[in-house]
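Visitor:
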Amino acid sequence: MATTTTTTTAEPESGEGAQEMMEVDKRIESEESGDDEGKKQAVCIVTDLSQQSLREEQNGDNLTSESEIPVDMETISLDPEAEDVDLNHFRIGKIEGFEVLKKVKTLCLRQNLIKCIENLQQLQILKELDLYDNQIRKIENLEALTGLEILDISFNILRNIEGLDQLTQLKKLFLVNNKISKIENLSNLQQLQMLELGSNRIRAIQNIDTLTNLDSLFLGKNKITKLQNLDALTNLTVLSIQSNRLTKIEGLQNLVNLRELYLSHNGIEVIEGLENNNKLTMLDIAANRIKKIENITHLIELQEFWVSLQSEKSAVTLVLQHLSLLFLSAADLENTIKCFSPLVGFIPLCL
Numbered sequence: 001m002a003t004t005t006t007t008t009t010a011e012p013e014s015g016e017g018a019q020e021m022m023e024v025d026k027r028i029e030s031e032e033s034g035d036d037e038g039k040k041q042a043v044c045i046v047t048d049l050s051q052q053s054l055r056e057e058q059n060g061d062n063l064t065s066e067s068e069i070p071v072d073m074e075t076i077s078l079d080p081e082a083e084d085v086d087l088n089h090f091r092i093g094k095i096e097g098f099e100v101l102k103k104v105k106t107l108c109l110r111q112n113l114i115k116c117i118e119n120l121q122q123l124q125i126l127k128e129l130d131l132y133d134n135q136i137r138k139i140e141n142l143e144a145l146t147g148l149e150i151l152d153i154s155f156n157i158l159r160n161i162e163g164l165d166q167l168t169q170l171k172k173l174f175l176v177n178n179k180i181s182k183i184e185n186l187s188n189l190q191q192l193q194m195l196e197l198g199s200n201r202i203r204a205i206q207n208i209d210t211l212t213n214l215d216s217l218f219l220g221k222n223k224i225t226k227l228q229n230l231d232a233l234t235n236l237t238v239l240s241i242q243s244n245r246l247t248k249i250e251g252l253q254n255l256v257n258l259r260e261l262y263l264s265h266n267g268i269e270v271i272e273g274l275e276n277n278n279k280l281t282m283l284d285i286a287a288n289r290i291k292k293i294e295n296i297t298h299l300i301e302l303q304e305f306w307v308s309l310q311s312e313k314s315a316v317t318l319v320l321q322h323l324s325l326l327f328l329s330a331a332d333l334e335n336t337i338k339c340f341s342p343l344v345g346f347i348p349l350c351l
């Protein structure tokens with residue numbers, strides 16, 4: 001007998017429809033980069049009501065903006081049979097009244113006015129919780145959600161990674177664009193496959209050696225100065241550390257399954273340290289301080305290569321049979337084109 005999945009997707013009072021979930025854009029750092037092409041931009045919420053009122057009086061308008069007033073959950077009808085509940089952009093100020101959702105597996109509360117994670121302990125079969133773009137300062141009160149597999153608390157005001165010890169079934173964790181300064185308290189999340197910590201204040205890669213099932217790690221737009229403590233992540237296929245403070249490619253020798261490496265917008269001067277990364281299909285080292293292309297002829301599976309050359313004359317010989325896209329930025333285009341003349345006509349050359 002076929003099973004029917006009931007979905008609750010209520011209409012917000014503002015008249016706007018629920019926004020679609022978008023896939024991660026790996027080339028431009030996914031949602032974790034801060035470019036955030038994969039998700040909608042955060043809603044600007046004015047919190048200083050006194051200044052707001054003053055401005056409105058000066059403009060001759062004494063009305064309070066409706067977008068600042070949280071709605072009463074009693075005005076929102078919830079279907080007890082729903083398995084997927086989407087309350088995106090409803091101006092919800094407090095999580096309450098959800099205990100009626102005995103069958104809910106996916107709960108989306110993104111772009112609301114929520115300040116505290118609470119009153120979710122009854123949702124014990126919940127698989128996915130989306131709290132993207134709220135006003136949450138602390139990860140708490142999630143201990144009962146032991147079956148949770150996807151958790152998104154991106155675009156909030158978190159300063160610490162905490163309160164996740166009991167979520168041992170978690171597979172995807174998104175903490176993009178917060179104020180987190182340290183990677184910590186993740187040791188119990190051994191089933192984790194995707195970790196997104198982009199656009200935070202992280203200075204070091206650390207405390208992830210138990211995450212041996214990790215497939216994708218996104219750390220773009222932080223303050224990381226060194227590639228380190230990655231040896232245990234032998235299953236990693238995607239590593240993105242764009243827009244940090246790296247000066248050297250190193251510490252990747254154990255990442256033998258790595259297929260996509262994003263290191264653009266750093267201070268790297270030499271292409272090196274990729275001897276064991278033979279499975280790379282995508283290499284992005286654009287916007288660095290690289291003067292010549294070298295040490296990549298062994299990457300025979302490489303399909304996309306993004307690079308910027310800082311020198312006016314750069315001698316290079318490439319034997320990359322599977323390369324399908326070469327994105328190149330160089331000071332001396334004439335010399336550069338000569339260097340790549342054997343490839344022109346066989347692959348797209350983007351200058």
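One point on numbering: in the UniProt record's numbering, the residue at position 28 of the sequence shown is 28, and numbering is uninterrupted.
Heads up, the beta-carbon is just placed ideally off N, CA and C, and yes, glycines get one too.
#1: Is the region 100-112 touching the region 76-85, taking contact as three or more C-beta pairs under 8 Å?
#2: Would you call the CB atoms of Leu107 and Leu129 closer than 8 Å?
#3: What does a CB cutoff of less than 6 Å around Glu250 pick up in its chain, not counting 5 residues either side in sequence?
#4: Give me the residue from Arg91, Glu68 and Leu323 with the minimum Cα distance to Glu74.
#5: Taking DSSP as the reference, what is the three-state secondary structure of Thr75?
#6: Does the Cβ of Gln242 have 16 or more other Cβ atoms within 10 Å, making it buried, or fewer, making it exposed?
#7: Candidates Gln135, Leu170, Thr210 and Asn235: which alpha carbon is nearest Leu145's?
#8: DSSP state of Phe90, grouped into three classes?
#9: Would Ile114 and Asn88 be called neighbours here (beta carbons separated by less than 8 Å)?
#10: Between which two residues does the beta strand (DSSP E) holding Ile205 run?
#11: Look up Asp284 in the DSSP assignment and give the residues it is bridged to.
#12: Whose C-alpha, out of Ala204, Glu118 and Leu123, is nearest the C-alpha of Thr225?
#13: Tell me the DSSP secondary structure of Glu99 in three-state form.
#14: Cutting at 8 Å between CB atoms, please list the residues of its own chain near residue 392, excluding the five before and the five after it.
#15: Taking the C-alpha atoms as reference points, what is the distance between Ser187 and Gly93?
#16: Where does Glu68 sit, in a helix, a strand or coil, going by DSSP?
#17: Leu214 and Leu195 - do their beta-carbons sit closer together than 8 Å?
#18: Measure the alpha-carbon distance for Gly198 versus Asn276 and round it to whole angstroms.
#19: Kindly list the residues whose CB is nearer than 6 Å to the CB of Gln41, restricted to its own chain and excluding five residues on each side of it in sequence; keep chain order.
#20: Label Gln121 either buried or exposed according to how many other C-beta atoms from any shown protein chain fall within 10 Å of its C-beta, with 16 as the threshold for buried.
#21: Quickly, what does DSSP pair Phe174 with across the bridge? List them, please.
#22: First and last residue of the beta strand (DSSP E) that includes Asp130?
#23: Among the candidates Ile139, Leu325 and Thr247, whose CA atom is the shortest distance from the CA of Glu184?
#24: Apart from the five residues just before and just after Asn288, which ones in its own chain have a Cβ nearer than 6 Å to its Cβ?
#25: Over what stretch of residues does the beta strand (DSSP E) that includes Leu217 continue unbroken?
#26: Span of the beta strand (DSSP E) holding Leu239?
#27: List the whole-angstrom C-beta distance separating Ile157 from Ile136, where the pair is believed to meet the contact cut-off of C-beta under 8 Å.
#28: How should Thr237 be labelled, buried or exposed, when 16 other C-beta atoms within 10 angstroms of its C-beta is the threshold for buried?
#29: Report the three-state DSSP secondary structure of Leu164 (helix, strand or coil).
#30: With a threshold of 16 other CB atoms inside 10 Å of the CB of Thr118, please say whether the residue is buried or exposed.
#31: Thinking C-beta only, is Asn229 closer than 8 Å to Asn200?
#32: Is it the case that the Cβ atoms of Leu211 and Leu239 are separated by a distance below 8 Å?
Guide: Checking against the coordinates, here is how it stands:
#1: yes
#2: In the sequence shown, residue 107 corresponds to position 107, counting from 1. In the sequence shown, residue 129 corresponds to position 129, counting from 1. Their beta carbons are under 8 Å apart, which means Leu107 touches Leu129 by this criterion.
#3: Within the sequence shown, residue 250 is the residue found at index 250, counting from 1. Excluding sequence neighbours, Glu250 sits near Leu227 and Gly273.
#4: Position 74 of the sequence shown, counting from 1, holds the residue named residue 74. The option with the nearest alpha carbon to Glu74 is Arg91.
#5: Here residue 75 is taken as the residue at index 75 of the sequence shown, counted from 1. The answer is helix: DSSP assigns Thr75 an H, G or I state.
#6: In the sequence shown, residue 242 corresponds to position 242, counting from 1. It counts as buried.
#7: On the sequence shown, residue 145 is found 145 positions in, with the first residue counted as 1. Among Gln135, Leu170, Thr210 and Asn235, the Cα nearest to that of Leu145 is on Leu170.
#8: In the sequence shown, the residue the question calls residue 90 occupies position 90. Phe90 falls in the coil class under three-state DSSP.
#9: Residue mapping note: residue 114 aligns to position 114 of the sequence shown, counting from 1. Residue mapping note: residue 88 aligns to position 88 of the sequence shown, counting from 1. No, Cβ-Cβ distance for Ile114 and Asn88 is not below 8 Å.
#10: Counted from its first residue, the sequence shown places residue 205 at position 205. Premise fails: Ile205 is in no beta strand (DSSP E) and is neither H nor E.
#11: Working through the sequence shown from its first residue, we reach residue 284 at position 284. The partner list for Asp284 (beta bridge, DSSP) reads Tyr262 and Trp306.
#12: Against the sequence shown, residue 225 aligns to sequence position 225. Checked all of Ala204, Glu118 and Leu123; the closest Cα to Thr225 is Ala204.
#13: For the purposes of this step, residue 99 is taken as the residue at position 99 of the sequence shown. In the structure shown, Glu99 sits in a helix (DSSP, three-state: H, G or I).
#14: Because residue 392 is not part of the residues shown, which for the chain are 1 to 351, the question remains open.
#15: Within the sequence shown, the letter at position 187 stands for residue 187. Within the sequence shown, the letter at position 93 stands for residue 93. Rounded to the nearest angstrom, the two C-alpha atoms are 32 Å apart.
#16: The residue labelled residue 68 in the question sits at position 68 within the sequence shown. Of the three classes helix, strand and coil, the one that applies to Glu68 here is helix, per DSSP.
#17: Within the sequence shown, numbered from 1, the residue matching residue 195 stands at position 195. Within the sequence shown, numbered from 1, the residue matching residue 214 stands at position 214. Yes. Within cutoff.
#18: Along the sequence shown, one-based indexing puts residue 198 at 198. Along the sequence shown, one-based indexing puts residue 276 at 276. Answer to the nearest angstrom: the Cα atoms are 26 Å apart.
#19: Residue 41 sits at position 41 when you count from the first residue of the sequence shown. Low confidence applies here, because Gln41 scores a pLDDT of 34, under 50, leaving its location unreliable and the question unanswered by this model.
#20: Residue 121 sits at position 121 when you count from the first residue of the sequence shown. Classification for Gln121: exposed.
#21: Position 174 of the sequence shown, counted from the start, is the residue given in the question as residue 174. Looking at the DSSP assignment, Phe174 forms a beta bridge with Asp152 and Glu196.
#22: As a first step, residue 130 is located in the sequence shown; it is residue number 130 there, counting from the start. Here the beta strand (DSSP E) through Asp130 covers Glu128 to Asp130.
#23: Position 184 of the sequence shown, counted from the first residue, corresponds to residue 184. Among Ile139, Leu325 and Thr247, the Cα nearest to that of Glu184 belongs to Ile139.
#24: If you number the sequence shown from 1, residue 288 lands on position 288. Result list for Asn288: Asn266 and Ile268, in chain order.
#25: For the purposes of this step, residue 217 is taken as the residue at position 217 of the sequence shown. Per DSSP, Leu217 belongs to the beta strand (DSSP E) from Ser216 to Phe218.
#26: By one-based count along the sequence shown, residue 239 stands at place 239. For Leu239, the uninterrupted beta strand (DSSP E) run begins and ends at Val238 to Ser240, by DSSP.
#27: Residue mapping note: residue 157 aligns to position 157 of the sequence shown, counting from 1. Residue mapping note: residue 136 aligns to position 136 of the sequence shown, counting from 1. Right, their Cβ atoms sit about 7 Å apart.
#28: By 1-based counting over the sequence shown, the position of residue 237 is 237. A residue is called buried when at least 16 other Cβ atoms come within 10 angstroms of its Cβ; Thr237 meets this threshold and is buried.
#29: Taking the first residue of the sequence shown as 1, we reach residue 164 at position 164. Leu164 falls in the coil class under three-state DSSP.
#30: Counting from 1 along the sequence shown, the entry for residue 118 is found at position 118. It should be noted that the sequence gives Glu, not Thr, for residue 118. Counting Cβ neighbours within 10 Å, Glu118 comes out exposed, since fewer than 16 surround it.
#31: Taking the sequence shown and counting its residues from 1, one reaches residue 200 at position 200. Taking the sequence shown and counting its residues from 1, one reaches residue 229 at position 229. Between Asn200 and Asn229, the C-beta gap is not smaller than 8 Å, which leaves the two residues out of contact.
#32: For this step, residue 211 is matched to residue 211 along the sequence shown. For this step, residue 239 is matched to residue 239 along the sequence shown. Cβ atoms of Leu211 and Leu239: not closer than 8 Å.
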